[in-house]
Amino acid sequence: MKKHVISGLAALSLLALVACNEETDAPVFNSESQVFTISVANKDAVPTRAGRPLYSQAYEQDIDFVKFTIVRTDNDGGNQNQIVYADVINTWMTNSNVIATADGHGRQTTIELKGENKLVPGTYKAYAVGYSDGSSYTDLTTDLAGLAVGEQFNPISVVTDGDAEEIFAGGFENGEFEVVAGKGFSQSIVLKRQVAGTYGYFTNIPAKGPKGEDAKYLRLIASNKMKEVIFDGFDQKNAVNGKNSFNSASEDYFDGSHKGYEVYRIDLNQWFPSGDTNANDMFDAGDTGWRKDPAITEPNVSFETGSVFGGKFLVPFKAVNGTNTLQLQLLDESDNILKYWNVNLKTAQTVNVVEGADNNEVAESTSVYSILRNQLYTIGVRAAGDDGGENPDPEEGDDTPEDLSKGQELIIVVDGAWENIPGMELD
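Per the numbering used here, the very first residue in the sequence shown carries number 89; after that it's consecutive.
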């Protein structure tokens, strides 16, 4: 069988895409058709931009390429675990053969195998990765090139030198499918986000510490940080697929006996350059001179007046025994902790671990919990997308920044469309 690499709209005929009915423009297949529908997941997960910064939980998508492979899984003819078909679908966002999904939130394409590309009877699995041009993941391009016809298949993993980047992968949801002589099939391949996300959206931030110290930063720290994302175990829900910790935790938890990793840092002076102008010991909507942090250069990303925001993608990781997974901290200019909030889940979660991922034997709780693939962990709600216009204050009701003036017990109710957005609490 041949390997096909699709290059630009002019070469789309190489995909041998299905014929269309002239009246309905709908695909037409016969009883022996071998058909795959490839989509970037939108029912369980927000379709979104690979490589983007994390500003909200809104619906967006901008993927440049999808690498699609089929792997023989039985041992008939000595071809077990051999790649028998491979394609790269370019220009995913503008390709005329990639259409909107039925719910309107994502994009999909349909591929029919014909001629020498048709699969002979046997058992197979599908494997696909959706990624952005210029991805910062180490060796991604090399690893994807290795998914070639005739090669032995091994699930790939990608390495980051620092922050995680959004990326998608998936396969046939039941793991394998069977090809029977003289019979066709239609299989759906759904790509889902392989990293996690977290953001904090705050208002009424304390401007002073307990001894009158000036507050300078809000910082979120995590108990662990992984280097590597494994693209495998797509049938596993609530999954950890990260491995190889950085093993360089240096940021203190408030109790001084644990250390973690900085996830994001919000410079309050960048949002409130004139400071606490109404002298109420809070950074809030009443302070004159509030602005969006100039470091957020996208003109259409807007926030409520008097709020601040920070967010990052994370490589999923297993909980660390005895250490709160996330802690939000208010810091002075020298990074002394003035105030802190442990960030808790409302209920403990069930966790699965992808083969090859780091697997600490830790009992999950509401405070010590794993960070899971395709889940969004939020404090406050920023529902607005990246098209809110130049006005820095979104429509009323779109956003709910978390009020940090309420003390140590804050319950957070979160809504969204990732596979799961756990309800979280500030303790």
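Beta carbons are placed, not taken as given, at the ideal position from N, Cα and C, and that holds for glycine.
The DSSP assignment places complete beta strand (DSSP E) segments of no fewer than 3 residues inside the segment 236-300 at 245-247, 256-259, 265-267, 273-281 and 284-291, in order along the chain.
DSSP places Gln122 inside the beta strand (DSSP E), whose first and last residues are Gln122 to Val128. Within the segment 369-422, no alpha helix (DSSP H) run of at least 4 residues lies entirely inside it.
Taking C-alpha positions only, Gly321 is separated from Asp375 by approximately 49 Å. DSSP, reduced to helix, strand and coil, places Gly165 within a helical segment of the structure shown. According to the DSSP secondary-structure assignment, Lys427 is paired through a beta bridge with Leu418. Restricting attention to alpha helix (DSSP H) runs no shorter than 4 residues, the segment 210-236 encloses them at 228-233, ordered along the chain.
When C-alpha distances from Pro404 are compared across Asp381, Asn412, Leu464 and Asn335, the shortest belongs to Leu464.
Between the C-alpha atoms of Ser127 and Gly166 there is a straight-line separation of about 31 Å. The Cβ-Cβ distance between Leu418 and Ala303 falls below 8 Å. Boundaries around Gln358 are those of the alpha helix (DSSP H), Leu356 to Trp359, since no beta strand (DSSP E) includes it. Gln196 and Pro243 have their alpha carbons spaced roughly 23 Å apart.
Leaving aside the five residues that flank Ser453 on each side, the residues in its chain whose CB is nearer than 7 Å to its CB run, in chain order, Ala436. The beta carbons of Thr157 and Tyr215 sit closer together than 8 Å. The segment 342-349 and the segment 271-290 do not touch, with fewer than three beta-carbon pairs separated by less than 8 Å. Per DSSP, Lys155 is one residue of the beta strand (DSSP E) stretching across Phe153 to Arg160. Bounds of the beta strand (DSSP E) holding Tyr173 are Gln170 to Ile177. Taking 8 Å as the cut-off, the beta carbon of Ile318 is found no closer than this to the beta carbon of Leu492.
In this structure Gln275 is not in contact with Val442, their Cβ atoms being roughly 22 Å apart against a cut-off of 8 Å. Assigned with DSSP and collapsed to three states, Gly468 falls in coil, not helix or strand. Under DSSP, Asp487 forms a beta bridge with Arg470.
Look at Asn440 here: in three-state DSSP terms it is strand. As the crow flies, the alpha-carbon of Lys299 is around 20 Å from that of Asp372.
Between the segment 259-269 and the segment 231-249 there are fewer than three C-beta pairs closer than 8 Å, too few to call the two in contact. The residue from Tyr225, Ile309, Asn169 and Phe391 with its alpha-carbon nearest to that of Glu253 is Tyr225.
As a beta-bridge residue in DSSP terms, Ala310 pairs with Tyr349 and Leu414.
Its chain contains Glu200 and Gly272 as the residues whose beta carbon lies nearer than 7 Å to that of Ser121, once the 5 sequence neighbours on both sides are disregarded; these appear in chain order. Approximately 5 Å separates the beta-carbon atoms of Ala445 and Lys331; this is inside 8 Å, confirming the contact. Annotated three-state conformation of Glu449 is coil, per DSSP.
DSSP places Glu200 inside the beta strand (DSSP E), whose first and last residues are Arg195 to Leu201.
Distance from the CA atom of Ser336 to the CA atom of Lys315, rounded to whole angstroms, is 12 Å.
Around the Cβ of Arg470, a 10 Å sphere holds 16 or more other Cβ atoms; the residue is buried.
Looking at the DSSP output, Val328 bridges to Val441. Under a 10 Å Cβ-count criterion, Val208 is classified as exposed, with fewer than 16 other Cβ atoms of the shown protein chains found around its own Cβ.
Around Asn262, the same chain offers Asp323 as residues with beta carbons nearer than 8 Å, after the five sequence neighbours per side are excluded.
The beta carbon of Ala383 sits closer than 7 Å to the beta carbons of Gln358 from its chain, once the five residues preceding and following it are set aside; these are given in chain order.
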